[in-house]
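First comes the structure, then the notes that go with it.
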Amino acid sequence: MKKLIIPTVYNLLLYTRFCLVLLAFLLVPRPGMADEPFADVHLHFNWDQEELVSAEEALAILNKHNVVFAVVFSVPSDNALKLSKLKPDTIIPFFSPYISGHSRNNWFYDPKVLERARAGLQQGIYQGIGELHVISGLGPRRDNPVLQGLFSLAAEFNVPFNIHTETSDYRFLAPLCQQHPKVRFLWAHAGGILGPEHSEGILKACSNVWIELSARDPKHYGGLLDDHGNLRKGWYDIITRYPDRFMLGTDPVWNAHQVNRWNEADEGWKHYSKFIQFHRKWIKSLPEEVEKKLRLENALRFFKIESN
1 MKKLIIPTVY
11 NLLLYTRFCL
21 VLLAFLLVPR
31 PGMADEPFAD
41 VHLHFNWDQE
51 ELVSAEEALA
61 ILNKHNVVFA
71 VVFSVPSDNA
81 LKLSKLKPDT
91 IIPFFSPYIS
101 GHSRNNWFYD
111 PKVLERARAG
121 LQQGIYQGIG
131 ELHVISGLGP
141 RRDNPVLQGL
151 FSLAAEFNVP
161 FNIHTETSDY
171 RFLAPLCQQH
181 PKVRFLWAHA
191 GGILGPEHSE
201 GILKACSNVW
211 IELSARDPKH
221 YGGLLDDHGN
231 LRKGWYDIIT
241 RYPDRFMLGT
251 DPVWNAHQVN
261 RWNEADEGWK
271 HYSKFIQFHR
281 KWIKSLPEEV
291 EKKLRLENAL
301 RFFKIESN
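In structure tokens form, the structure reads like this:
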């Protein structure tokens, strides 16, 4: 006669705990294992980030998260080349007028900016211009000769221009994109703090403007999601109305509200997983075809990259 084995309460608890741990392991998304290809159109590899993360380590992070295409802006400008030289098929380096770590606030007075931009574009070293901050009251006037010269170079060499405006209205940008219809503008952060109605305003005003939604996570500007973590209706409506005009980026800087700190390095790349998973999560609320466009297809088309 076989002996009947009756499980103890302790054994049942152990078995239940094992099942819960196994289930949690299977359900938790693990970056880089099943992620769809992603285009990140807003990266930085600045001097104060390189103190913590090497170019090789940055590329490994992108590879881990299946980032198959990326745009990099750097301070100093040639820091972007440290990434593109290692992986030219993935990284698109932009010329930044911030030639040194101290020129962010006075680049628009330096005529050498235009000389270096032309040389870099002529040689094919850089494939775009930006990220360039044009902030009302703090940056250059919109008629500044150096700024206008950069617009002219973007049109001459047919390269995109990433522009960061921080104002109370999209109409600050409208005269620039209307004055330069041959320039393909990429509006950084959808205007920062501005709501979806401003994105719709600039898309209607200028057919040569596209919008990227980097730095719209809660650690930066926020504003995309409601208190329950869902995409706000206004953003859902404008994105699905203009599905070919939006792209994604992470903008991995930390702390974003205190850039270029003198006393500590920027650890943004250490938080890259948080930034990209934020975007991967909310875009799943979009229709499948729209999600694909934002995640990858719009960027490849905008930057004229062939997709395999």
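The numbering of the sequence shown is full-length UniProt numbering, which starts it at 1 and goes up by one.
Glycine included, C-beta positions come from ideal geometry on N, C-alpha and C.
DSSP three-state label for residue i, please.
{"i": "glutamate 212", "result": "strand"}
{"i": "isoleucine 193", "result": "coil"}
{"i": "alanine 55", "result": "helix"}
{"i": "isoleucine 222", "result": "In the sequence as displayed, the identity of residue 222 is glycine instead of isoleucine. Residue state, collapsed to three classes: coil."}
{"i": "glutamate 264", "result": "coil"}
{"i": "phenylalanine 246", "result": "strand"}
{"i": "leucine 231", "result": "strand"}
{"i": "isoleucine 305", "result": "coil"}
{"i": "proline 175", "result": "helix"}
{"i": "leucine 286", "result": "coil"}
{"i": "leucine 27", "result": "Model confidence at leucine 27 stands at a pLDDT of 43, short of 50, so the residue's coordinates are unreliable and nothing is read from them."}
{"i": "asparagine 298", "result": "helix"}
{"i": "histidine 102", "result": "coil"}
{"i": "histidine 180", "result": "coil"}
{"i": "arginine 116", "result": "helix"}
{"i": "arginine 241", "result": "helix"}
{"i": "proline 252", "result": "coil"}
{"i": "glycine 124", "result": "coil"}
{"i": "serine 199", "result": "helix"}
{"i": "serine 273", "result": "helix"}
{"i": "proline 145", "result": "helix"}
Just mark residue i as buried or exposed, buried being the case when its beta carbon has 16 or more other beta carbons within 10 Å.
{"i": "alanine 86", "result": "Rather than alanine, the amino acid found at residue 86 in this sequence is leucine. Exposed, since its Cβ has fewer than 16 Cβ neighbours within 10 Å."}
{"i": "glutamate 297", "result": "buried"}
{"i": "asparagine 158", "result": "exposed"}
{"i": "glycine 120", "result": "buried"}
{"i": "tyrosine 98", "result": "buried"}
{"i": "aspartate 48", "result": "buried"}
{"i": "asparagine 63", "result": "exposed"}
{"i": "asparagine 106", "result": "exposed"}
{"i": "serine 207", "result": "exposed"}
{"i": "lysine 233", "result": "exposed"}
{"i": "leucine 22", "result": "Per-residue confidence for leucine 22 stands at a pLDDT of 39, beneath the threshold of 50, marking its modelled position as unreliable; the derived number appears in the next sentence. Answer is exposed; the Cβ neighbour count stays below 16."}
{"i": "arginine 280", "result": "buried"}
{"i": "arginine 245", "result": "buried"}
{"i": "aspartate 251", "result": "buried"}
{"i": "aspartate 143", "result": "exposed"}
{"i": "isoleucine 135", "result": "exposed"}
{"i": "glutamate 56", "result": "exposed"}
{"i": "glycine 249", "result": "buried"}
Report the partner residues of residue i according to the DSSP bridge assignment.
{"i": "asparagine 162", "result": "Leu186"}
{"i": "alanine 39", "result": "Phe69"}
{"i": "valine 134", "result": "Thr165"}
{"i": "histidine 279", "result": "DSSP, once it has assigned bridges, lists no residue as partnering histidine 279."}
{"i": "phenylalanine 151", "result": "Paired residues: none, contrary to the question."}
{"i": "histidine 44", "result": "Phe73"}
{"i": "isoleucine 129", "result": "Phe95 and Phe161"}
Look at the alpha carbon of residue i and the alpha carbon of residue j, and state the distance between them as a whole number of angstroms.
{"i": "glycine 139", "j": "histidine 164", "result": "11 Å"}
{"i": "phenylalanine 172", "j": "valine 209", "result": "13 Å"}
{"i": "aspartate 237", "j": "proline 111", "result": "43 Å"}
{"i": "phenylalanine 185", "j": "phenylalanine 302", "result": "10 Å"}
{"i": "proline 31", "j": "histidine 44", "result": "The predicted position of proline 31 is uncertain, since its pLDDT is 44 and thus under 50; no value can be drawn from it."}
{"i": "glutamate 264", "j": "phenylalanine 275", "result": "21 Å"}
{"i": "leucine 153", "j": "valine 113", "result": "11 Å"}
{"i": "alanine 60", "j": "glycine 229", "result": "29 Å"}
{"i": "glutamate 156", "j": "proline 37", "result": "32 Å"}
{"i": "arginine 295", "j": "asparagine 66", "result": "11 Å"}
{"i": "glycine 137", "j": "glutamine 127", "result": "29 Å"}
{"i": "glutamate 131", "j": "isoleucine 305", "result": "20 Å"}
{"i": "glutamine 179", "j": "phenylalanine 108", "result": "19 Å"}
{"i": "threonine 90", "j": "glutamine 277", "result": "20 Å"}
{"i": "proline 287", "j": "glutamate 115", "result": "45 Å"}
{"i": "serine 103", "j": "serine 77", "result": "11 Å"}
{"i": "glycine 222", "j": "arginine 118", "result": "36 Å"}
{"i": "lysine 82", "j": "phenylalanine 94", "result": "12 Å"}
{"i": "glutamate 200", "j": "threonine 240", "result": "11 Å"}
{"i": "alanine 205", "j": "tyrosine 170", "result": "9 Å"}
{"i": "proline 243", "j": "lysine 293", "result": "7 Å"}
{"i": "isoleucine 193", "j": "aspartate 227", "result": "17 Å"}
{"i": "leucine 300", "j": "methionine 247", "result": "10 Å"}
{"i": "valine 53", "j": "asparagine 79", "result": "13 Å"}
{"i": "tryptophan 269", "j": "valine 253", "result": "7 Å"}
{"i": "glycine 149", "j": "glutamine 122", "result": "15 Å"}
{"i": "histidine 189", "j": "alanine 215", "result": "6 Å"}
- [ ] Could you pull out every unbroken beta strand (DSSP E) segment of at least 3 residues lying fully inside the region 62 to 94, listed in chain order?
- [x] Scanning the region 62 to 94 for uninterrupted beta strand (DSSP E) segments of 3 residues or longer gives 67 to 73 and 91 to 93, listed from N- to C-terminal end.
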